[in-house]
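Novice: The structure under discussion is supplied below as structure tokens; questions concerning it will follow.
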Amino acid sequence: MSVTAIVGAQWGDEGKGRIVDYLAQLSKMVIRFQGGDNAGHTIINEYTQKSPNGKVALHLVPSGIFNPEIQCIIGTGCVVNPQSVLDELKSLESIGVSTENLWLSERAQMVLPYHCLLDSYKEKTSSQLGTTKRGIGPSYADKMSRRGLRLGDLKRPDWLKSRLGQALDFANRELSYFGATPFDLEQLYEQCLDWGKQLGHKIVDTLPLVQQAYQLDQPILLEGQLGVMRDIDWGIYPYCTSSNPTPGYGVVGAGLPVTAVQRVVAVVKAYTTIVGHGPFVSELAKDDKVGRHLQEVGGEYGATTGRPRRCGWLDAVALAYSTWLNGFTDLAITKLDVLDGLEEVKICMGYRLPSGQVLTRFPDTLDLAPDLNHPDRRSTLEPIYESYPGWQDTKSARSWAELPETAQRYLKRIEELTQVSRGVTPRLRYISVGAERDQMFEIS
Ligand code: GDP
Ligand code: IMO
Ligand code: MG
């Protein structure tokens, strides 16, 4: 049985979309297992050439959608804004991509307009986290409080109305705290009925589809959103998202037995980026020459919000932590080409505390000593680096042998640094040296 989870090993935006798009060519099913339209998974292939800027940033639709013969599922673990899905489907269809094989789990939670508004209001307070304001936190909070509405409710009008009434009681009370106008039940109900009409045929019990694919031994990909460092349990809480991007949750969000996952592919950017607040020890200042290089050459601007991503060197402390929590079997290193032309490249090996003590294991958020008065809640720890000679060009490489020797050394070092735990020894498997489908190769 062949189930592969593809997950972000860092703080998100590692290039999960491009890896899923590449691996989907040999798969039969792709399931997004958590998160919502806070994701921005960018894909460049022959289909996306028809879109205005030659690429497509998928927010909810799985990155396998460009392969017409495979089934794509928005899984039970997701939170789904129906309007966002409809908009995304429309824009995919406008460039000739078939969305016929896309299914939405009737058990997935909905993100409703009040969730987005609450998210925005919360971001105006002193406890702001730098969210995408897509209503992700409020929707998952409602799920856990068991007052959330699920996609399947759109197909059961009476039940929908009573659930919506109960949920609005709470939401409107919260909104009134912020001085916002309350939502009208009838209006929102009508809107939901309209979403139900447009999307209803795609909202199904996805479990039989998943079971059938698994039992027929078809290759299945589980597509994660964000990365482990933003995981609700293990990420830099509270500067994290409200779900678990780790593959442990993958089986829950998709509807598979825990024993199903055979491979876990870590998508690792050759350096680090972060969008939103939270401590980030290996961050480079905006006016730092290398920081500017990563930002501009890497095009490091959020695919969902357009915000500049904070950039820095690869963090081996975080990567080792991530490897343990995710149980990686394979490493897919992306954006190696962005480091081309740098005289030296660095890896953060430890964090020095103000006392002089050096941490080599990833600590809890407060031990990262964020300066809570800083608007970005940055870290005040000092990064300790290992330095390597740089290289000129990896863009044209299509095999291991074609990589400059210094780039090979850097990659081998990354592999070595992830092999820190007994029983969890991922191997270097995919190298990406550009955003297009053919700018990637597999090491056999
Ligand atoms: P995701 O959220 O993990 O899918 O990643 P994003 O799509 O948000 O960000 C990755 C960005 O890097 C996108 O703009 C990709 O087109 C681009 N990208 C992916 N892999 C490579 C690569 O190997 N080299 C370069 N230069 N760009 C890449
Ligand atoms: P992909 O899947 C990068 C960040 C936000 C914020 C925190 C919580 O493309 O990697 P949320 O809206 O989830 O409540 O925000 O998480 N964030 C992302 N950062 N890539 C993403 O998705 C993100 N989704 C959320 O900036 O710091
Ligand atoms: Mg992204």
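Position 411 of the sequence shown, counted from 1, bears residue number 1857 in this note's numbering, the numbering being contiguous throughout.
Glycine residues also receive a C-beta, built at the ideal position from the N, C-alpha and C atoms.
(1) Under a Cβ-count criterion, where at least 16 other Cβ atoms within 10 Å of its own Cβ denotes burial, should Val1704 be classed as buried or exposed?
(2) Would DSSP call Lys1715 helix, strand or coil?
(3) Pick out whichever of Ile1793, Gly1802, Leu1827, Lys1792 has its Cα sitting closest to the Cα of Pro1809.
(4) If you draw a straight line from the C-alpha of Leu1550 to the C-alpha of Leu1614, how long is it?
(5) For Val1697 and Leu1653, what's the separation of their Cα atoms in angstroms?
(6) In chain order, what residues of the same chain have a beta carbon less than 8 Å from the beta carbon of Ile1541, not counting five sequence neighbours either side?
(7) Tell me the DSSP bridge mates of Phe1887?
(8) Restricting to Cα atoms, I'd like to know which of Val1507, Ala1712, Ile1490 is closest to Thr1864.
(9) What did DSSP end up calling Gln1517 once you bin it into helix, strand or coil?
(10) With distances taken between CB atoms, is the gap from Gly1611 to Leu1634 smaller than 7 Å?
(11) For Lys1579, I'd like the list of residues in its chain whose CB is within less than 7 Å of its CB, leaving aside the five on either flank, ordered along the chain.
(12) Please specify which runs of the beta strand (DSSP E), each continuous and at least 3 residues long, are wholly inside the segment 1756 to 1817, giving them in chain order.
(13) Is Gly1696 helix, strand or coil by DSSP?
(14) Rounded to a whole number of angstroms, what is the C-alpha to C-alpha distance between Ile1511 and Trp1680?
(15) Is any heavy atom of ligand 2 found at a distance shorter than 6 Å from the C-beta of Val1713?
(16) Grab me the residues of Trp1641's own chain with a C-beta within less than 8 Å of its C-beta, minus the 5 sequence neighbours each way, in chain order.
(17) With which residues is Pro1603 paired in a DSSP beta bridge?
(18) In the DSSP assignment, find the alpha helix (DSSP H) that holds Tyr1856 and state where it starts and stops.
(19) Name the one or two DSSP bridge partners that Trp1549 has.
(20) When every heavy atom of ligand 1 is checked, does at least one fall within less than 6 Å of the C-beta of Ser1537?
(21) With 16 as the cutoff for other CB atoms within 10 Å, does Gly1796 come out buried or exposed?
(22) When we look at the beta-carbon of Glu1534 and count the other beta-carbons within 10 Å, is it buried (16 or more) or exposed?
(23) Bridge partners for Glu1729 per DSSP, in chain order?
(24) Since I believe Leu1782 is in contact with Ser1878 (beta carbons under 8 Å), could you give me their beta-carbon distance rounded to a whole number of angstroms?
(25) Beta carbon of Gly1722: closer than 6 Å to some heavy atom of ligand 3?
(26) What are the residues that DSSP puts in a beta bridge with Glu1828?
(27) What do you get for Glu1862, buried or exposed, if any count of 16 or more other CB atoms within 10 angstroms of its CB means buried?
(28) State the DSSP-derived secondary structure class of Leu1672, mapped to helix, strand or coil.
(29) Whose C-alpha, out of Ala1778, Gln1838, Val1804, is nearest the C-alpha of Glu1888?
(30) Hey, would you say the C-beta of Ser1544 is under 6 Å away from at least one heavy atom of ligand 1?
(31) Check the DSSP bridge columns for Arg1478 and list the partner residues they point to.
(32) Mapping DSSP to helix, strand and coil, what is Arg1609?
(33) Going by beta carbon distance, what residues of the same chain come within less than 6 Å of Tyr1767, once the five residues before and after it are set aside?
(34) CB-CB under 6 Å to Thr1719, same chain, minus the five flanking residues each way: which ones, in chain order?
(35) For the alpha helix (DSSP H) containing His1561, name the first residue and the last one.
(36) Short check: CB of Ile1793 to CB of Ala1762, under 7 Å?
Specialist: In terms of the structure at hand:
(1) The residue in question, Val1704, is exposed, as its Cβ has fewer than 16 Cβ neighbours within 10 Å.
(2) Of the three classes helix, strand and coil, the one that applies to Lys1715 here is strand, per DSSP.
(3) The shortest Cα separation from Pro1809 among Ile1793, Gly1802, Leu1827, Lys1792 belongs to Leu1827.
(4) Approximately 24 Å between the Cα atoms of the pair.
(5) Near 12 Å, if we compare the C-alpha coordinates of Leu1653 and Val1697.
(6) Taken in chain order, the residues that qualify are Tyr1493, Thr1494, Lys1496, Ser1497, Val1502.
(7) According to DSSP, Phe1887 bridges with Ile1877.
(8) Each of Val1507, Ala1712, Ile1490 was checked against the Cα of Thr1864, and the nearest Cα belongs to Ala1712.
(9) DSSP places Gln1517 in the strand class (E or B) of the three-state scheme.
(10) No, the Cβ-Cβ distance between Gly1611 and Leu1634 is not below 7 Å.
(11) Taking C-beta separations shorter than 7 Å and ignoring five residues to either side along the sequence, the partners of Lys1579 in its chain run Cys1562, Asp1565, Ser1566, Glu1569, following chain order.
(12) With a minimum length of 3 residues, the continuous beta strand (DSSP E) runs that stay inside the segment 1756 to 1817 are 1756 to 1758, 1776 to 1780, 1790 to 1798.
(13) Residue state, collapsed to three classes: helix.
(14) Trp1680 has its alpha-carbon roughly 30 Å from the corresponding atom of Ile1511.
(15) Flag unset: Cβ of Val1713 not near ligand 2.
(16) Once the five neighbours on either side are set aside, the close Cβ partners of Trp1641 are Pro1528, Gln1529, Leu1532, Leu1600.
(17) None, per the DSSP bridge assignment.
(18) Bounds of the alpha helix (DSSP H) holding Tyr1856 are 1851 to 1864.
(19) Partner(s): Ile1519.
(20) No - ligand 1 has no heavy atom lying nearer than 6 Å to the Cβ of Ser1537.
(21) Its Cβ being crowded by 16 or more others within 10 Å, Gly1796 is buried.
(22) Under this definition Glu1534 is a buried residue.
(23) Gly1758, per the DSSP bridge assignment.
(24) Yes, they are in contact, since the Cβ atoms of Ser1878 and Leu1782 sit about 7 Å apart, within 8 Å.
(25) For Gly1722, the Cβ stays outside the 6 Å cut-off from all heavy atoms of ligand 3.
(26) BP columns for Glu1828 point to Arg1798.
(27) By the 10 Å Cβ count, Glu1862 comes out exposed.
(28) Three-state DSSP puts Leu1672 in a strand.
(29) For Glu1888, the nearest C-alpha among the options comes from Ala1778.
(30) Every heavy atom of ligand 1 is 6 Å or more from the Cβ of Ser1544, so no.
(31) Under DSSP, Arg1478 takes part in a beta bridge, and its partners are Ile1520, Glu1669.
(32) Helix.
(33) Taking Tyr1767 as the centre and dropping the five residues before and after it, the same chain places the C-beta of Phe1808 closer than 6 Å to its C-beta, in chain order.
(34) Only Asp1459, Glu1746, Arg1755, Cys1757 meet the Cβ criterion.
(35) His1561 -> alpha helix (DSSP H) spans 1559 to 1568.
(36) If you check the CB distance, Ile1793 and Ala1762 come in under 7 Å.
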